[in-house]
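Residue numbers (this note's numbering), protein chains in the order written: chain A, 1 to 240; chain B, 1 to 240.
For each residue, glycine too, the CB sits at the ideal point set by N, CA and C.
For reference, the structure discussed in these notes is given below.
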């Protein structure tokens, strides 16, 4: 049976300007793979209202689950919650349960719950809060979209809160064979292997090291015995 | 005047499975910023024919220029060229000029130009070749889409070939102020600054270090004197 599908929407000018290298995508990809959910698409858009709304609608319609990262903090460029509300045609306002979390947190830490921080309690109508054990300001889930913070420590904690609530499939298993030959020399062998193991995904990823060409062949599938059989045959066919 | 816009399409299962961390996006983002072209969106899709065709069409229609990376090698999972041809409704076949480049290269290196390698000379009708000084197999440009290899050294060399052919705008200049205060404490100041400098982009990127919360405020714009003025005022307003 096919695994559930997921997409990710990364929101933030800082990635697109080259200032910051995204870390959340790589983390989420690994966690979803372990959980048996296939990450099928990632989009990165800037802090631009229409672009975010359009991407949320498109991804929510096309995939079982969507994760967003970024844009839910207290500053003027944090517009994700409003965009999500618009994408689903619901209202948004400060919600009592979210406000209570912030009040408790800031009372404890001695900071002021000012107007800017109170923006983080603005939650689209009908959404469920996502626990944030790191910095308390919650994420939220609405329909099939999970709205998470962009700071990596917080993003990771929120993924840990959400993942157990999702139905996973069979985890993808993979084995890799590194071959010190050009892709072009092994392409016919790989093609024949792919024909004989249509239930597996066989990818070839070239690399260059010290001026020599090589390739990592990755065999992926849900049945460990089949992955074993394919890698064994590949090693035999290539004489490695 | 607004700068030209660009999008990037990353093609490859290996990123979405979490096996590989994409390096090309971060590189391209930095190069485009220097060249005065605004990278507005990135999409990452798997080695899936319909997904690639749909993404190429959508991005080509929405932005001035599109760059793709990955999927133009000699193996069975390299389907990008065929997808590009389909996206633009043109034919595809082995082209003499591309074949000549490969013949020369493999004659020199003593490798065989076999059927798999000859796939790399399959070019959509009407496309222009992109020089590949690293491993010779060319990329190509068709309409506003530039199709580049996924191996980072080759991707970077191809970007260097393509960029001088594109009209850039004014490069974006940026200055950053790191503040050891929570975002919520500086949000009102930033919001007032954004109101008074509508020609600039003012982003706030929180971080945590050694348990303390801080934020990097990034001011970006095309006019260096304006960026200076905004950063100077921000430092004064925040007393740093």
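Find the nearest neighbour of residue i within the set the options, judged by alpha-carbon distance.
i: residue 251 of chain B; options: B:69, B:167, B:195, B:198; result: Lying before the first or after the last residue shown, residue 251 of chain B is absent from chain B, which here runs from 1 to 240.
i: residue 153 of chain B; options: A:143, A:211, A:39; result: A:211
i: residue 182 of chain A; options: B:157, B:21, B:151, B:207; result: B:151
i: residue 100 of chain B; options: B:119, B:88, B:86; result: B:119
i: residue 5 of chain A; options: A:80, A:61, A:194; result: A:61
i: residue 149 of chain B; options: B:107, B:23, B:3; result: B:23
i: residue 15 of chain A; options: A:44, A:77, A:7; result: A:44
i: residue 66 of chain A; options: A:233, A:49, A:84; result: A:84
i: residue 227 of chain B; options: B:98, B:26, B:203; result: B:203
i: residue 113 of chain A; options: A:127, A:136, A:126; result: A:136
i: residue 50 of chain B; options: B:79, B:39, B:185, B:195; result: B:79
i: residue 127 of chain B; options: B:115, B:173, B:105, B:96; result: B:96
i: residue 237 of chain A; options: A:176, A:225, A:188, A:82; result: A:188
i: residue 33 of chain A; options: B:33, B:28, B:19, B:156; result: B:19
i: residue 63 of chain A; options: A:2, A:171, A:198; result: A:2
i: residue 200 of chain A; options: A:167, A:86, A:174, A:58; result: A:174
i: residue 13 of chain A; options: B:35, B:39, B:139, B:73; result: B:39
i: residue 239 of chain A; options: A:75, A:186, A:92; result: A:186
For residue i, decide whether its Cβ has a neighbour in chain A, counting only Cβ atoms nearer than 9 angstroms.
i: residue 120 of chain B; result: yes
i: residue 46 of chain B; result: yes
i: residue 218 of chain B; result: yes
i: residue 123 of chain B; result: no
i: residue 231 of chain B; result: no
i: residue 223 of chain B; result: no
i: residue 178 of chain B; result: no
i: residue 114 of chain B; result: yes
i: residue 213 of chain B; result: yes
i: residue 77 of chain B; result: yes
i: residue 49 of chain B; result: no
i: residue 190 of chain B; result: yes
Terminal residues of the continuous alpha helix (DSSP H) containing residue i?
i: residue 130 of chain B; result: Note, residue 130 of chain B: premise wrong, no alpha helix (DSSP H); beta strand (DSSP E) at 128-130.
i: residue 115 of chain B; result: 115-118
i: residue 133 of chain A; result: First-last for residue 133 of chain A: undefined, no H or E at that position.
i: residue 54 of chain B; result: 49-62
Go to residue i, then tell me how far its beta strand (DSSP E) extends in each direction, as first and last residue.
i: residue 205 of chain B; result: 201-209
i: residue 215 of chain B; result: 212-221
i: residue 92 of chain A; result: 92-94
i: residue 84 of chain B; result: Per DSSP, residue 84 of chain B belongs to no beta strand (DSSP E); it is in the alpha helix (DSSP H), 80-88.
i: residue 124 of chain A; result: 122-124
i: residue 146 of chain A; result: 145-148
i: residue 173 of chain A; result: 173-179
Let me know the secondary structure DSSP gives residue i once reduced to three states.
i: residue 23 of chain A; result: coil
i: residue 140 of chain A; result: strand
i: residue 161 of chain B; result: helix
i: residue 193 of chain A; result: helix
i: residue 245 of chain B; result: Lying outside 1 to 240, the shown extent of chain B, residue 245 of chain B is not represented and no answer is given.
i: residue 16 of chain B; result: helix
i: residue 233 of chain A; result: helix
i: residue 154 of chain B; result: helix
i: residue 37 of chain A; result: coil
i: residue 182 of chain B; result: coil
i: residue 240 of chain A; result: coil
i: residue 98 of chain B; result: helix
i: residue 112 of chain B; result: coil
i: residue 29 of chain B; result: helix
i: residue 2 of chain B; result: coil
Please decide whether residue i counts as near chain B, where near means a Cβ-Cβ distance under 9 angstroms.
i: residue 74 of chain A; result: yes
i: residue 20 of chain A; result: yes
i: residue 237 of chain A; result: no
i: residue 207 of chain A; result: yes
i: residue 13 of chain A; result: yes
i: residue 64 of chain A; result: no
i: residue 204 of chain A; result: yes
i: residue 25 of chain A; result: yes
i: residue 201 of chain A; result: yes
i: residue 104 of chain A; result: no
i: residue 108 of chain A; result: no
i: residue 43 of chain A; result: yes
Report the partner residues of residue i according to the DSSP bridge assignment.
i: residue 8 of chain A; result: A:42, A:67
i: residue 76 of chain A; result: Answer by DSSP bridge pairing: none, since residue 76 of chain A is not bridged.
Checking contacts by CB at 9 angstroms: is residue i closer than that to chain E?
i: residue 93 of chain B; result: The structure shown contains no chain E; its protein chains are A and B.
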